[in-house]
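J.:
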Amino acid sequence: MKKPLLTVFLLLITIGFASAQDIPLFTQKLTNSFIYNPALAGHTFGSLTYSYRQNYSNVPGAPQNHFISLHTPIAKHKFGSGVNLFQEDVNFIRNTYASAAFAYHLHFNKFNILSAGVSAEYNISRLNGTSNTTTFEVDPVLMQLQNGDPTYDFSFGLNYQTRFAKAGFAINRLSTAWINKENTNLSNYYSGYVQGMIPVRGGDDLFEPYVAFRKFSETNDTYDIGLYYTYNNKILGGAAVRKGNVFNATIGFKPSKHLLIGYSREMITSNLGGFVGAANEITLRFDFNDNSYKERFQSDYKSSMAYRRKTLSPAAKFSARNPKQLQSKQKKLTPYSPNNRYQNVKKLSMNQKSSAPRKKAYNKKPASKAPAKYKSKAPAKRRR
59 MKKPLLTVFL LLITIGFASA QDIPLFTQKL TNSFIYNPAL AGHTFGSLTY SYRQNYSNVP
119 GAPQNHFISL HTPIAKHKFG SGVNLFQEDV NFIRNTYASA AFAYHLHFNK FNILSAGVSA
179 EYNISRLNGT SNTTTFEVDP VLMQLQNGDP TYDFSFGLNY QTRFAKAGFA INRLSTAWIN
239 KENTNLSNYY SGYVQGMIPV RGGDDLFEPY VAFRKFSETN DTYDIGLYYT YNNKILGGAA
299 VRKGNVFNAT IGFKPSKHLL IGYSREMITS NLGGFVGAAN EITLRFDFND NSYKERFQSD
359 YKSSMAYRRK TLSPAAKFSA RNPKQLQSKQ KKLTPYSPNN RYQNVKKLSM NQKSSAPRKK
419 AYNKKPASKA PAKYKSKAPA KRRR
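Residue numbering for the sequence shown follows the numbering used here, starting at 59 and increasing by one per position.
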C-alpha cells in the first residue's frame with residue numbers, strides 16, 4: 059500500500075513542477091526577459107544577471123530557484139546572442155533548464171527596431187540526491203526520475219520597439235507542439251507583452267506601464283499588469299498584480315551606471331497566502347554598456363536644441379586644462395566656426411559702412427615706395 063501511495067505522491071509533485079517549469083515566473087523588470095522571448099537577446103545593451111527566488115516562505119521544502127542569464131549584442135547591434143541557466147529544487151526533485159538564443163535586429167532608424175530570434179532549449183528532471191528506495195525497476199515514475207529523461211526543444215519570438223513603447227510575442231517549445239506531441243511532461247506555451255516608456259522631467263525619469271500574458275495550455279493562463287518608475291536612472295520602484303490574487307512589489311538601486319541591485323516580494327492576497335507565506339527574490343545585474351533610455355533621450359534632446367541654436371561647436375568639444383586655456387582656444391577657433399556666419403550682427407547693417415578691420419594679407423609683397431621728389435630751392439640773391 060505504501061508503494062502506490064508514494065507513486066501517486068511523486069506523480070502529483072511531478073505534474074506540479076512540470077507545469078511550474080513551463081515558465082519561470084521571475085520579475086521580468088529585474089531579470090532579462092529573453093528567457094521568454096529569444097528576440098530580446100542582445101537588444102539595446104548586454105548584461106549579466108543572477109537571481110535567487112525563495113517561494114512560499116512558510117512551507118518546508120518549498121521550491122527554490124536559481125537563474126543566471128548572459129546576453130550581448132554583436133556586429134554593431136545587428137545581431138544578439140545569449141544563454142540562460144535555470145535550476146529549480148522542489149523538495150527532493152531538481153529541475154534544470156538551459157537555453158541558447160540568437161537574434162537579428164533590424165534598425166529602421168534610431169528608435170524603431172524590429173527583432174526576431176530563435177532559441178534551443180534543454181530540460182531535465184531528476185531526483186536531487188540519493189533515495190533509500192531500491193525498487194526503481196518496478197516503478198516507471200521513480201525510474202524516470204532516478205535516471206533523468208532530458209528533452210530538447212526550440213522557441214521563436216518577435217519584438218518591436220519604438221521611442222515610447224515596445225511589444226513582443228513568442229511561441230515556446232515548438233518541438234513539443236509540432237513534433238513530439240506524445241510528450242506529457244512538458245507542454246508548449248505562448249507569451250507576449252506590451253511595455254510603455256514615457257519620459258518624465260525632460261528624460262531624467264522614466265514611467266513604464268507593463269502588461270504581460272502567458273498561456274500554458276487550453277485551460278491554464280496568467281497575466282501581469284504593472285507600473286514602474288525609474289528616478290534619475292538610480293532608483294527603481296513599482297508594483298504588479300498577477301492573475302490569482304498575487305501582488306508583487308519591486309525596488310531596485312543602481313550604485314553605478316552598470317550595476318543594479320534589486321529586491322522583489324510576491325504575496326498571495328487570498329486566505330491561502332497566510333498559510334504558504336510570501337516569495338522573496340534577489341537580483342544582481344551588471345550592464346555592459348550604459349545605453350539606458352534616459353541617456354538616449356537626453357542625447358537626442360541636446361542634439362535637437364544644439365541644432366536649433368546652431369551651436370555646432372559647443373564648449374565641451376574644446377579640450378583644455380583650465381578655464382583660461384579654454385577661453386584662449388575658443389578665441390582662436392571662433393573665426394573658423396560656422397556660428398560666425400549666423401551670429402555676426404554686422405551683416406544687418408545693410409548699406410552702412412562697416413568698421414570691421416581689413417584682414418591682413420600675409421602672402422602679398424609690400425609695395426615699393428615711390429622716390430621722394432626734391433623741392434626746388436629759391437635762387438640765391440646776387441651781391442651788389
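We treat Cβ as the ideally placed atom computed from N, Cα and C, and that holds for glycine.
Okay, do the segment 305-316 and the segment 96-103 touch, 3+ Cβ pairs below 8 Å being the bar?
T.: Because the criterion of three Cβ pairs below 8 Å is not met, the segment 305-316 and the segment 96-103 do not touch.
J.: When you compare only the Cα positions, how much space is there between S91 and I171?
T.: Near 17 Å, if we compare the C-alpha coordinates of I171 and S91.
J.: Specify whether the segment 215-235 and the segment 128-141 touch according to this definition: at least 3 beta carbon pairs, one from each stretch, less than 8 Å apart.
T.: Short answer: they don't touch.
J.: In terms of alpha-carbon separation, which member of G206, L88, H101, S115 lies closest to K224?
T.: The shortest Cα separation from K224 among G206, L88, H101, S115 belongs to H101.
J.: Tell me whether the beta-carbon of A178 lies closer than 8 Å to the beta-carbon of Y162.
T.: Contact flag unset, no.
J.: If we count the other Cβ atoms within 10 Å of its Cβ and call it buried at 16 or more, is P131 buried or exposed?
T.: Per the 10 Å Cβ criterion, buried.
J.: Pop quiz: E146 and N123 are said to be a contact at Cβ under 8 Å. What is the actual Cβ separation, rounded to whole angstroms?
T.: Indeed they touch by this definition, with Cβ atoms about 5 Å apart.
J.: Put K96 into one of helix, strand or coil per three-state DSSP.
T.: Checking the sequence, you will find Pro at residue 96 rather than Lys. Three-state DSSP puts P96 in a helix.
J.: Would you tell me roughly how many angstroms separate the C-alpha atoms of R231 and G320, rounded to the nearest one?
T.: So the two alpha carbons sit approximately 30 Å from each other.
J.: Nearest-angstrom Cα distance between V299 and I326?
T.: Each residue's alpha carbon lies about 10 Å from the other.
J.: Should T341 and L185 be called a contact, given that it needs their Cβ atoms to be closer than 8 Å?
T.: Cβ distance not < 8 Å, so T341 and L185 don't count as in contact.
J.: Note down, in chain order, each residue of its chain lying with its Cβ closer than 8 Å to the Cβ of F166, except the 5 sequence neighbours on either side.
T.: Hits under 8 Å: L172.
J.: Within the continuous alpha helix (DSSP H) that includes G331, where are the two ends?
T.: Residues 331-334.
J.: Could you give the distance in angstroms between the alpha-carbon of T107 and the alpha-carbon of L318?
T.: Approximately 9 Å, taken between the alpha carbons.
J.: Out of N303, K301, G284, state which residue places its alpha-carbon closest to the alpha-carbon of G295.
T.: Checking every option, the nearest Cα to that of G295 belongs to G284.
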